Each structure stands twice: as C-alpha cells, then as structure tokens.
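Going by the numbering used here, the first residue of the sequence shown is number 35, and it counts up by one from there.
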Amino acid sequence: MLKILPVVIALLLLPAQALAEPAPGFHSGPVFTTFGDIAPVESDLAIPEGTVFRVVFNVSAKATPGQLNTTINAAARFINMHVEAGVPISDIHVALVVHGGASSDLLTPAVYAARNGGAANGSAQAISELVDQGVAFWLCGQTATAYQITKADLLPGVGMSLSAMTAFALLQQQGYTLNPF
Numbered sequence: 035m036l037k038i039l040p041v042v043i044a045l046l047l048l049p050a051q052a053l054a055e056p057a058p059g060f061h062s063g064p065v066f067t068t069f070g071d072i073a074p075v076e077s078d079l080a081i082p083e084g085t086v087f088r089v090v091f092n093v094s095a096k097a098t099p100g101q102l103n104t105t106i107n108a109a110a111r112f113i114n115m116h117v118e119a120g121v122p123i124s125d126i127h128v129a130l131v132v133h134g135g136a137s138s139d140l141l142t143p144a145v146y147a148a149r150n151g152g153a154a155n156g157s158a159q160a161i162s163e164l165v166d167q168g169v170a171f172w173l174c175g176q177t178a179t180a181y182q183i184t185k186a187d188l189l190p191g192v193g194m195s196l197s198a199m200t201a202f203a204l205l206q207q208q209g210y211t212l213n214p215f
C-alpha cells in the first residue's frame, strides 16, 4: 500500500487536462472531440453500405461526482467510431434509458450540487452535446419518483418515461437494439 501512495499522489497533482488525454492507441472522435475517444481497428466484420443503427444503452450506475458517466461516454464512442468508419451520422440513432443511481447524472448543475456535496455534474456537458446531435435520454419515471426528481430538475433535452421497462419496450418496437454493455 505504501508503495502505491506516491503514484496516487502524483496522479492527483496532474493537471486535469493531462488526465483527459486519450489512452495510448486512442484518439478523439470526429463528432465528440472532448469525450468518447476511439481507436482505429482493422475490422474483419464489414459494416454494409446503407446500414442504419438504432441502439439503446442501459444506464444504471451513477458516475463518481465530477466525472463523466462511463455509459454516457460509451454512447459517444459508439457514434464517434461509426462516423469515423463511414456511417453517416444521420444513420446513427442512439437512445439512453437511465434508471437507478445514474438518474443523478441527469440533474441540472444546481440540483446535482445540492445532492452531491457541492460537486459539479461531470456528465452535464456531454449530455448537452449528445442531445445536440439527436441522442435521446429517457429517465425512468419510477426511479424519478423514488429519488424525488421532477422534470424541472432535469438537464435540457432529457425526457421522462413512465418507466425504464416502458422505454425499452417502446424503443424495441421502433427497431432499437440493446447494447449489451
């Protein structure tokens, strides 16, 4: 434990920008340049011309306060890598169904700070950028009630569904497939 303490302290002292640099082998994407980093791959599974993606992400784990939610980041990665692979962004339809603790990541800055010891919502900017690109965010209404979240507490562009189960069922009827991770 004492051997890793200097490493942990050194990481904490790095400027935030240095921590945000893409991991080795990864680079920023063509749509979202400050999150959703991707790696080039020589894929053996071709994406057929004319492919249209309709993908829904299941978001249940809350991000560490001040950090970007990893599943929200994964949705940006999905878009970035497919646009870079030649799929027109108009053929990529992404939705996120949010429930459980992750509901906190959808809160406005003031509400988030009040519920998280003054911390900033590290997902707010990414959500704004994703919404601007047509990504749909659906909060489970049952979770909202359990966590005492109202529509006024939500970031712009975030919608409320009757439940996560309802959102998944309706999105599947619209041809969305569930991303398995």
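Every residue gets a Cβ at the ideal spot worked out from N, C-alpha and C, and that includes glycine. Note that the structure is predicted; figures quoted are calculated from it, not measured.
Residue 138 is positioned such that its CB atom lies no closer than 8 Å to that of residue 173.
Within the same chain, Cβ atoms closer than 7 Å to the Cβ of residue 155 are found at 139, 141, 143 and 146, the five residues on either side in sequence being excluded. Inter-residue distance for residue 169 and residue 123 is about 11 Å (C-alpha atoms, whole angstroms). Three or more Cβ pairs closer than 8 Å define a contact, and the segment 184-199 falls short of that threshold against the segment 68-75. Nearest C-alpha to residue 115 among 200, 178, 197 and 65: 65. Between residue 81 and residue 117, the C-beta spacing is not below 8 Å. For residue 211, the pairing in a beta bridge is given by DSSP as 89. DSSP places residue 145 in the helix class (H, G or I) of the three-state scheme. In summary, residue 91 is buried, with 16 or more beta-carbon neighbours lying within 10 Å of its beta-carbon over all protein chains present. With contacts defined by Cβ atoms closer than 8 Å, residue 136 and residue 96 form a contacting pair.
Residue 61 carries a strand assignment under DSSP once its states are collapsed to helix, strand and coil. Secondary structure of residue 137 (DSSP, three-state): helix.
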